[in-house]
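Protein sequence lines, in the order shown, are assigned to chains A and B.
Under this note's numbering, the first residue of the first sequence is numbered 159, with each subsequent residue one higher.
Under this note's numbering, the first residue of the second sequence is numbered 188, with each subsequent residue one higher.
Read through the structure below, which is laid out as structure tokens, and then see the notes.
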Amino acid sequence: MRDSMRRSFWAACAAAALAGCGRHAEVESPGEVRAAFRPVLPDSPADEAWAGLPVHDAALLMQDMVDPRLMEPSTGKVRVQAATDGTRIAFRLRWDDQDKDDLPGSARFADACAVQLPAAPGADSPAPQMGEEGRPVEITYWSAFWQASVDGRPDTINAIYPGARVDHYPFQAAPLKDRSEDQKAMALRYAPARNLGNPMSGPRTQPVQDLTVEGPGTLRPAPVTRSEGRGVHQNKSWAVLLKRPLPAKVGPGGGTVMAVAVWRGDRKEAGARKMRSGWVSLSLEARP
Amino acid sequence: MARVYNWQIGRETSYWYPGSRPKKQFAAVFDINKCIACQTCTLACKTTWTSGKGQEYMLWNNVESKPFGYYPLGWDVRLLDKLGAQRWEGGRYAGSTVFEAAPAGERVLGWGPEDQDYAYPNVGEDDCAGGVTKGAATRIPHDMMWFFYLARICNHCTYPACLASCPRGSIYKRPEDGIVLVDQTRCRGYRECVRACPYKKVFYNALTGTSEKCIACYPKFEKGLSQQCFLNCIGKIRVAGFLSTPKEAREDNPVDYMVHVRKIALPLFPQFGLEPNVYYIPPIHVPEPFLVQMFGPGAPAAVAAYRALPKDKDLSALLTLMGSTERVLSRFRRAGGSVEGYDESGTEVIRVPVTEPAHVRAAIDVAQGVVRSNIT
């Protein structure tokens with residue numbers, strides 16, 4: 159898109175927002191996701207700052223390239239908005255989901271979503287299905303299980319199965335003192351994923367995780383998660399804020415591509431069983 | 188999918204990865220006829236490995252009554268129903284394995300248990316099949332009512348469905364001993380393995396968000412020691428070892444002898460196609476069709492061999508050796524009235540009499556002036 163057209167689009171957005179006078183008029187952006195320049199990024203998905211920012215409806219497809227595949231379509235589209243302050247970019251993803259699936263269990267799965275950007279933006283993007291060997295993509299993943307944990311759900315069996323009764327945990331017996339380091343160390347021995355430092359095994363301090371991947375099956379956590387997020391379920395839909403650093407060589411006035419994915423917990427979607435978009439153009443508004 | 192050879196079904200079958208047998212394969216034999224369902228094995232495992240938060244419902248080892256006991260609920264019958272007709276032509280399986288029957292978009296034919304399916308670990312306990320009619324109650328023994336106890340752990344399969352199903356490759360089979368493990372640093376809790384394992388021996392930890400399973404007590408096994416559930420078995424029904432392929436079977440290797448040479452120990456649901464490595468000496472009092480469905484076409488011959496044990500010196504000697512030592516036995520030898528067990532280095536680690544000596548005391552203790560209630 160030429161610069162003159164970009165400028166006139168953002169002018170139209172500003173006019174629409176003013177015309178809406180706080181009635182949250184939404185400006186559709188059918189061709190691409192447009193990230194507005196904002197010196198201060200929204201802190202929540204319910205932030206008023208999202209009102210008036212252009213909305214792109216990202217159509218979702220079934221992940222049907224690698225087994226196991228999703229064989230029945232579920233979530234059809236995600237409404238995507240974006241804003242940047244020049245160093246970070248915030249996305250708001252909204253999609254319809256009647257049920258809030260944020261309670262883990264042996265057969266309960268999480269509602270979740272993710273945003274994917276190429277690690278090295280360029281004209282020739284890597285494969286949209288999680289990149290390819292030597293051409294990684296970066297993913298920011300949010301899970302409703304983690305959100306509930308961050309929002310205060312205790313790390314106990316009774317928090318997820320209220321009627322559960324446990325006779326005995328060996329680390330809660332004498333002579334170990336309650337909340338002592340020895341007690342924590344022994345409890346850790348019965349939580350192998352935590353003991354080995356699996357970054358997703360909790361208890362969570364944030365509901366998102368940064369990941370890199372070079373093709374299906376190669377997903378790995380980034381050394382440090384620098385993204386933030388927050389999800390709220392309201393009126394039978396999720397609104398999730400994902401905020402991450404801008405990729406290298408991408409800044410205001412520039413652009414790259416992005417993709418989104420959504421998992422529905424009530425349909426036991428996880429991992430490869432997901433709805434995902436193809437690459438969608440992402441353009442960043444220039445600094446005023 | 189690749190093609191691999193599965194000797195338990197007498198033919199090649201499909202598998203997600205090319206065949207690659209480990210250098211050695213951990214295997215076990217369980218003698219069902221000796222199990223009393225005391226659940227000591229279950230508790231030995233539970234206290235050793237799964238006493239943590241999020242592991243409350245996990246039973247890496249469990250003992251269920253068959254035909255009506257299951258953990259999780261209906262684990263076997265649900266898959267048997269999905270798999271359709273399972274026909275054998277002699278020793279060759281003519282039906283589909285869970286890999287061959289995988290629907291479009293799936294790597295394995297499987298199903299995912301619901302939360303409540305794990306809520307009844309004792310369902311069906313001691314429930315009998317059949318009824319006693321036509322005056323059968325006046326005859327002992329009668330063969331109209333039956334049940335038996337099935338002790339189960341992970342089968343550390345040669346072609347694990349859990350491993351095949353994981354899109355992340357988070358499950359691996361150790362080349363040194365064939366033990367199948369979930370990499371706890373890599374698992375992301377998708378539960379494809381829970382869905383795929385026909386024996387339902389992978390469990391999701393809802394507090395850590397990862398799936399966990401029996402590790403065959405590998406820290407012990409690496410030192411030549413048997414697993415906790417083997418060591419603590421009151422009935423001494425279990426023996427651990429390394430199983431060879433049929434062509435390389437050794438007559439003096441305890442598990443080779445029972446599985447390959449005498450064919451008295453059989454795999455659990457071989458028709459699923461995973462080549463499971465826990466072998467069962469089938470119960471001798473159970474109707475043949477049930478045994479054939481559960482243990483394959485070798486069941487009638489195994490039952491006949493077991494019934495002939497009193498005249499079978501080598502086999503009865505070996506069965507005496509089961510559960511007699513914590514050491515893993517690589518070799519056994521019957522010598523006169525005793526049987527000896529040797530570890531991998533060739534050192535004799537156990538020697539037991541094949542027939543325990545009986546001492547009979549007089550019925551009346553003259554010195555104490557009392558009648559003895561126990562004289563042997």
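Where a beta carbon is used, it is the ideal one built from N, C-alpha and C, also for glycine.
All of these numbers come straight from a predicted model, not from anything done at the bench.
For chain B, check one thing: does any of its Cβ atoms lie closer than 7 Å to the Cβ of Asn356/A? In the first sequence, counting from the first residue as 1, residue 356/A sits at position 198. Cβ-Cβ to chain B under 7 Å: yes for Asn356/A.
Beta-carbon proximity list for Asp395/A, same chain, < 7 Å, skipping 5 on both sides: Residue mapping note: residue 395/A aligns to position 237 of the first sequence, counting from 1. Per the sequence shown, the amino acid found at residue 395/A is Ser instead of Asp. The residues are Arg252, Trp253, Asp254, Asp255.
List the whole-angstrom C-beta distance separating Ala272/A from Tyr299/A, where the pair is believed to meet the contact cut-off of C-beta under 8 Å. Along the first sequence, read from residue 1 onward, the residue named residue 272/A stands at position 114. Along the first sequence, read from residue 1 onward, the residue named residue 299/A stands at position 141. That pair is a contact at about 4 Å.
Would you mind sorting Asn561/B into buried or exposed? The rule is 16 or more other CB atoms within 10 Å of its CB. Here residue 561/B refers to the residue found at position 374 when the second sequence is read from its first residue. Asn561/B comes out exposed.
Contact set between Val224/A and chain B, taken where Cβ atoms lie within less than 9 Å: Position 66 of the first sequence holds residue 224/A. By Cβ distance, chain B contributes Pro354.
By Cβ distance, which residues of its chain are closer than 8 Å to Pro357/A, with the 5 residues on each side in sequence left out? In the first sequence, counting from the first residue as 1, residue 357/A sits at position 199. Within the same chain, Pro357/A has close Cβ partners Gln367, Pro379, Thr383.
Going by C-alpha distance, which of Ala545/B, Leu505/B, Thr563/B is nearest Arg538/B? As a first step, residue 538/B must be located in the second sequence, where it is residue number 351. Residue Leu505/B is the option with its Cα nearest to Arg538/B.
Thinking C-beta only, is Thr397/B closer than 7 Å to Gly376/B? Start at 1 with the first residue of the second sequence, and residue 376/B comes out as number 189. Start at 1 with the first residue of the second sequence, and residue 397/B comes out as number 210. Yes; because the gap between Cβ atoms is below 7 Å, this pair is in contact.
Under 7 Å between beta-carbons, which chain A residues line up against Thr397/B? List them in chain order, please. Taking the second sequence and counting its residues from 1, one reaches residue 397/B at position 210. Per Cβ cutoff of 7 Å: Ala351, Asn356, Ser359.
Is DSSP giving Ser283/A helix, strand or coil here? On the first sequence, residue 283/A is found 125 positions in, with the first residue counted as 1. Of the three classes helix, strand and coil, the one that applies to Ser283/A here is coil, per DSSP.
When the cut-off is 7 Å and only beta carbons count, does Ser525/B lie next to chain A? Translated into positions along the second sequence, residue 525/B becomes position 338. No, Ser525/B lies away from the interface with chain A (no Cβ there is under 7 Å from its Cβ).
Just mark Asp313/B as buried or exposed, buried being the case when its beta carbon has 16 or more other beta carbons within 10 Å. Mapped onto the second sequence, residue 313/B falls at position 126. Looking at its Cβ environment, which holds fewer than 16 other Cβ atoms inside 10 Å, Asp313/B is exposed.
Closest Cβ-Cβ distance between Arg362/A and chain B: below 7 Å? As a working note, residue 362/A is residue 204 in the first sequence. Cβ-Cβ to chain B under 7 Å: no for Arg362/A.
Along the chain, where does the alpha helix (DSSP H) that runs through Ile402/B open and close? Against the second sequence, residue 402/B aligns to sequence position 215. Segment: none, Ile402/B is in no alpha helix (DSSP H) and carries neither H nor E.
Quick check: is the beta carbon of Ser264/A nearer than 7 Å to any beta carbon in chain B? Counted from its first residue, the first sequence places residue 264/A at position 106. Closer than 7 Å to some Cβ of chain B, the Cβ of Ser264/A qualifies, so yes.
List the residues of chain B whose Cβ lies closer than 8 Å to the Cβ of Trp429/A, in chain order. As a position in the first sequence, residue 429/A is number 271, starting the count at 1. Here the sequence assigns Gly to residue 429/A, which means Trp is not the residue at that position. Pro354, Arg355, Arg375, Tyr377, Glu379, listed in chain order.
Is there a C-beta anywhere in chain A that falls below 7 Å from the one on Arg265/B? By one-based count along the second sequence, residue 265/B stands at place 78. Taking Cβ atoms only, chain A never reaches closer than 7 Å to Arg265/B, which makes this a no.
Proximity test, Cβ basis, 7 Å: Gln371/B and chain A: Taking the first residue of the second sequence as position 1, residue 371/B is located at position 184. Closer than 7 Å to some Cβ of chain A, the Cβ of Gln371/B qualifies, so yes.
What residues of chain B sit near Gly375/A, judged by a beta carbon separation below 8 Å? By one-based count along the first sequence, residue 375/A stands at place 217. Result: Pro354, Arg355, Gly356.
Would you verify that the beta carbon of Arg434/A is, or is not, closer than 7 Å to some beta carbon of chain B? For the purposes of this step, residue 434/A is identified with residue 276 of the first sequence, where counting begins at 1. Judged by the 7 Å Cβ criterion, Arg434/A is not in contact with chain B.
Mind checking who Tyr466/B pairs with in its DSSP beta bridge? Position 279 of the second sequence, counted from the start, is the residue given in the question as residue 466/B. Answer is Val216/B, Pro454/B.
What is the C-beta distance between Lys450/B and Ala489/B, in whole angstroms, given that I count them as a contact (C-beta under 8 Å)? In the second sequence, the residue the question calls residue 450/B occupies position 263. In the second sequence, the residue the question calls residue 489/B occupies position 302. About 6 Å; that satisfies the 8 Å criterion.
Hey, Asp243/A and Val198/A are a contact pair by Cβ (cut 8 Å); roughly how many whole angstroms apart? Here residue 243/A corresponds to residue number 85 of the first sequence, with the count starting at 1. Here residue 198/A corresponds to residue number 40 of the first sequence, with the count starting at 1. The pair is a contact, with the Cβ atoms about 7 Å apart (cut-off 8 Å).
Less than 7 Å separating the beta-carbons of Asp552/B and Arg521/B? Mapped onto the second sequence, residue 552/B falls at position 365. Mapped onto the second sequence, residue 521/B falls at position 334. Cβ atoms of Asp552/B and Arg521/B: not closer than 7 Å.
The ligand ATP heavy atoms versus the CB of Arg437/B: any closer than 6 Å? Of the ligands one can find in the structure shown there are none, so the ligand ATP has no counterpart to examine.
When the cut-off is 7 Å and only beta carbons count, does Val474/A lie next to chain B? What is shown of chain A runs 159 to 446, which leaves residue 474/A out entirely.
Alpha-carbon to alpha-carbon, Ser202/A and Ala231/B: The residue you call residue 231/B lines up with position 44 of the second sequence. The residue you call residue 202/A lines up with position 44 of the first sequence. The straight-line gap from Cα to Cα measures roughly 49 Å.
Label Val133/B either buried or exposed according to how many other C-beta atoms from any shown protein chain fall within 10 Å of its C-beta, with 16 as the threshold for buried. A query on residue 133/B cannot be resolved here, the shown segment of chain B reaching from 188 to 563 and no further.
Do Ile468/B and Thr227/B have their C-beta atoms within less than 7 Å of each other? Here residue 468/B corresponds to residue number 281 of the second sequence, with the count starting at 1. Here residue 227/B corresponds to residue number 40 of the second sequence, with the count starting at 1. Not in contact: Ile468/B and Thr227/B (Cβ atoms no closer than 7 Å).
So, under 8 Å CB-CB, Pro385/B and Ala348/B are touching, yes? Tell me the CB distance rounded to an integer number of Å. Taking the second sequence and counting its residues from 1, the one referred to as residue 385/B is at position 198. Taking the second sequence and counting its residues from 1, the one referred to as residue 348/B is at position 161. About 6 Å; that satisfies the 8 Å criterion.
Contacts that Asp496/A makes with chain B (C-beta to C-beta distance below 8 Å): Chain A is shown from 159 up to 446; residue 496/A falls before or after that span and cannot be answered.
Taking the straight line between their C-alpha atoms, what separation do you get for Gly524/B and Trp275/B? Residue 524/B sits at position 337 when you count from the first residue of the second sequence. Residue 275/B sits at position 88 when you count from the first residue of the second sequence. Distance between the alpha carbons of Gly524/B and Trp275/B is about 41 Å.
Buried or exposed: which applies to Arg548/B, given that a residue is buried once 16 or more other Cβ atoms fall within 10 Å of its Cβ? The count along the second sequence starts at 1 and reaches residue 548/B at position 361. Classification of Arg548/B: exposed, given that the 10 Å Cβ count is below 16.
Taking 7 Å as the cut-off, decide whether the C-beta atoms of Pro449/A and Met220/A are in contact. Here chain A covers residues 159 to 446 and nothing more, so residue 449/A does not appear.
Leaving out five residues before and five after Arg382/B in sequence, what residues of the same chain have Cβ atoms less than 6 Å from its Cβ? Reading the second sequence from its first residue, position 195 is the one you call residue 382/B. Closer than 6 Å at Cβ, skipping near neighbours: Gly297, Gly299.
Quick test of the definition: if touching needs 3 or more C-beta pairs under 8 Å, does the region 406 to 425 of chain A touch the region 271 to 288 of chain A? yes
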